[in-house]
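Have a look at the structure below, then the notes.
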Amino acid sequence: GQNIDQPTEMTATEGAIVQINCTYQTSGFNGLFWYQQHAGEAPTFLSYNVLDGLEEKGRFSSFLSRSKGYSYLLLKELQMKDSASYLCAVPGSARQLTFGSGTQLTVLP
Amino acid sequence: DTAVSQTPKYLVTQMGNDKSIKCEQNLGHDTMYWYKQDSKKFLKIMFSYNNKELIINETVPNRFSPKSPDKAHLNLHINSLELGDSAVYFCASSQALDQPQHFGDGTRLSIL
Numbered sequence: 002g003q004n005i006d007q008p009t010e011m012t013a014t015e016g017a018i019v020q021i022n023c024t025y026q027t028s029g030f031n032g033l034f035w036y037q038q039h040a041g042e043a044p045t046f047l048s049y050n051v052l053d054g055l056e057e058k059g060r061f062s063s064f065l066s067r068s069k070g071y072s073y074l075l076l077k078e079l080q081m082k083d084s085a086s087y088l089c090a091v092p093g094s095a096r097q098l099t100f101g102s103g104t105q106l107t108v109l110p
Numbered sequence: 050d051t052a053v054s055q056t057p058k059y060l061v062t063q064m065g066n067d068k069s070i071k072c073e074q075n076l077g078h079d080t081m082y083w084y085k086q087d088s089k090k091f092l093k094i095m096f097s098y099n100n101k102e103l104i105i106n107e108t109v110p111n112r113f114s115p116k117s118p119d120k121a122h123l124n125l126h127i128n129s130l131e132l133g134d135s136a137v138y139f140c141a142s143s144q145a146l147d148q149p150q151h152f153g154d155g156t157r158l159s160i161l
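Chain order of the listed sequences is A and B. Under this note's numbering, read the first sequence as residues 2 to 110, first letter to last. Under this note's numbering, read the second sequence as residues 50 to 161, first letter to last.
Written out as structure tokens, the structure is:
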């Protein structure tokens, strides 16, 4: 089965940089996803990592270390609109996606 | 055009009733999913459906049944609704498991 851990809550200041960590345990690795979910809305895709290293996409970057079972999402130049829940997810052997419980990020002015 | 659409957006009903939630995707994806998100915001897979192959999360009660009339639709039927079924139900689709999933806007189900 899969086990995913990420912090429940984080707070940061507008304009700052924040790193949201995710550790996972899975039998057979098939990549790791990050999704963003604003309150009352649907999750939206942010990134997918299957190889080790950092993938940058604008203000957001995602890092993966398969040997450590570890990923992080890095958000730069934080904006108020970045306040949301960030969900880490891994595909499982049953060909279904398992989500972490999400990290609620609050960006303060 | 909406990629994944589900109806209704809100559903308020009484315990014991039977209800259905509809989902349609116009992305041409091969796989569709149903998720339940509870009050603690934990997003949990219920079903995935790919080319007539249904994969059921073992924790889902058999009161829940997905029905797929065609590749673009995966409806969720719930029998004998219980208080614990109150949650937001999301439909999603993707081309494959290692491809991004696109979510519908969710159906907020409240059981009285």
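Note that the Cβ used here is the ideal one computed from N, Cα and C, for glycine as well. From a predicted model like this one, the values you see are computed outputs, not experimental measurements.
- Taking 8 Å as the upper bound for CB-CB distance, alanine 145 of chain B and asparagine 75 of chain B are not in contact here, some 18 Å apart.
- From the beta-carbon of phenylalanine 100 of chain A, the residues of chain B found nearer than 7 Å are Leu92.
- For the segment 8-57 of chain A, the full-length beta strand (DSSP E) segments reaching 3 residues or more read 10-14, 19-26, 33-38, 45-50 along the chain.
- Identification of chain B residues near glutamine 97 of chain A by a Cβ-Cβ cut-off of 8 Å yields Tyr82, Ile94, Ser97, Ile104, Asn106, Leu146, ordered along the chain.
- With its beta carbon less than 8 Å from one in chain B, tyrosine 49 of chain A belongs to the interface.
- Counting C-beta pairs closer than 8 Å gives fewer than three between the segment 16-24 of chain A and the segment 40-59 of chain A, which falls short of the contact rule.
- Pairwise C-beta distances place the segment 72-92 of chain B in contact with the segment 50-63 of chain B, as three or more of them are shorter than 8 Å.
- In the DSSP annotation of this structure, the continuous segment of the beta strand (DSSP E) that includes leucine 88 of chain A starts and ends at 85-92.
- For alanine 141 of chain B, the uninterrupted beta strand (DSSP E) segment begins and ends at 136-143.
- Between phenylalanine 64 of chain A and tyrosine 73 of chain A, the C-beta spacing is below 8 Å.
- Contact between isoleucine 18 of chain A and threonine 99 of chain A does not hold, since their C-beta atoms are separated by about 28 Å, which reaches or exceeds 8 Å.
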